[in-house]
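Heads up: the sequence shown begins at 1 in our numbering, then just goes up one per residue.
Yeah, the Cβ is synthetic: ideal placement off N, Cα and C, and Gly gets one too.
From a predicted model like this one, the values you see are computed outputs, not experimental measurements.
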Amino acid sequence: MIICRDLCKEYAHGSARKQVLRNVNLEIRPGEKLALLGRNGAGKSTLIKLIGGVEMPTSGQIKRHMTVSWPLGFAGGFQGSLTGYDNARFIARIYRRPYAEIKAYVEEFTELGAMLKMPVKTYSSGMRARLAFALSLAIEFDCYLIDEIILVGDQNFNRKCHIELFEKRADRAMILASHSTEIIRESCNRAALIKDTVLTTYDSVDEAVALYQAL
1 MIICRDLCKE
11 YAHGSARKQV
21 LRNVNLEIRP
31 GEKLALLGRN
41 GAGKSTLIKL
51 IGGVEMPTSG
61 QIKRHMTVSW
71 PLGFAGGFQG
81 SLTGYDNARF
91 IARIYRRPYA
101 EIKAYVEEFT
111 ELGAMLKMPV
121 KTYSSGMRAR
131 LAFALSLAIE
141 FDCYLIDEII
151 LVGDQNFNRK
161 CHIELFEKRA
171 DRAMILASHS
181 TEIIRESCNR
191 AALIKDTVLT
201 TYDSVDEAVA
211 LYQAL
């Protein structure tokens, strides 16, 4: 289970402070599929980064009793001067996985070919997202954090993403931030809506979607 208690997140905004999330309380159970809804800038990606440990909360606590992925498609942890293969080797060492397995998976999934031998700083944003997504899936987690950014791209990549996430890992917990109500209705069994820094959870996905569409 993942437990968020009284989470607050603020950022410096000039000489003032801007509050993005206020007193967020949330629990994610094993196997649960939670949709995160909200307008652009509401704090969906921020909450995903907090849960994934990419950012730290201003106050509050996050307790993780299951393994959690970094946000799928997040490329901020790459060392740009290293090649795609070198970054894959680094991930394999951190998670104590055989590099040969990680390498083979990344080659098949990303379809980047010879670009995997090039420094990541030479990649386009789409190529970096493919590599980050492949490395996220090459390591098995109990809960996957999915930002809407990985649900874009060509049709073949979308199909691969769907099969790997929603079919092969159907038993895992997921937190999905997306503007696509179709994907949310198909994939999630619970929803949370962020409005004016406050998060409200709903057991009915349809109810949450209706409120989101009314914003």
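Self-check item: Reference residue 145, options 169, 122 and 124, closest by Cα
Solution: Translated into the one-based positions of the sequence shown, residue 145 becomes position 145. With distances taken between CA atoms, residue 145 lies nearest to 169 out of 169, 122 and 124.
Exercise. Give the range of the alpha helix (DSSP H) segment to which residue 85 is assigned.
Key: Here residue 85 refers to the residue found at position 85 of the sequence shown. From DSSP, the alpha helix (DSSP H) with residue 85 extends over 84-94.
Practice problem: Keeping to the same chain, check which residues put their C-beta closer than 8 Å to that of residue 8; ignore five residues upstream and five downstream. | Solution: By 1-based counting over the sequence shown, the position of residue 8 is 8. Excluding residues within five positions, the ones whose Cβ falls inside 8 Å are 19, 21, 22, 23, 24, 57, 58, 59 and 60.
Self-check item: At least three beta-carbon pairs within less than 8 Å, the stretch 61-69 to the stretch 107-121
Solution: The answer is no - the stretch 107-121 does not touch the stretch 61-69, with fewer than three Cβ pairs under 8 Å.
Quiz prompt | Reference residue 121, options 166, 4, 78 and 33, closest by Cα | solution = Counting from 1 along the sequence shown, the entry for residue 121 is found at position 121. Selected option, being the one with the closest Cα: 78.
Quiz prompt | Proximity to residue 191 [Cα-Cα], best of 12, 183 and 209 | solution = Position 191 of the sequence shown, counting from 1, holds the residue named residue 191. Cα-wise, what sits closest to residue 191 is 209.
Quiz item: From which residue to which residue does the beta strand (DSSP E) around residue 59 run?
Solution: Translated into positions along the sequence shown, residue 59 becomes position 59. For residue 59, the enclosing beta strand (DSSP E) covers residues 59-64.
Quiz item: Do you know how far the Cα of residue 127 is from the Cα of residue 33?
Solution: Locating residue 33 in the sequence shown gives position 33, counting from the first residue. Locating residue 127 in the sequence shown gives position 127, counting from the first residue. Residue 33 and residue 127: Cα-Cα distance of roughly 27 Å.
Self-check item: Proximity of residue 42 and residue 184 at Cβ, strictly below 8 Å
Solution: Reading the sequence shown from its first residue, position 42 is the one you call residue 42. Reading the sequence shown from its first residue, position 184 is the one you call residue 184. Going by C-beta atoms, residue 42 is not nearer than 8 Å to residue 184.
Quiz item: What are the residues that DSSP puts in a beta bridge with residue 138?
Solution: Walking along the sequence shown from the start, residue 138 turns up at place 138. DSSP, once it has assigned bridges, lists no residue as partnering residue 138.
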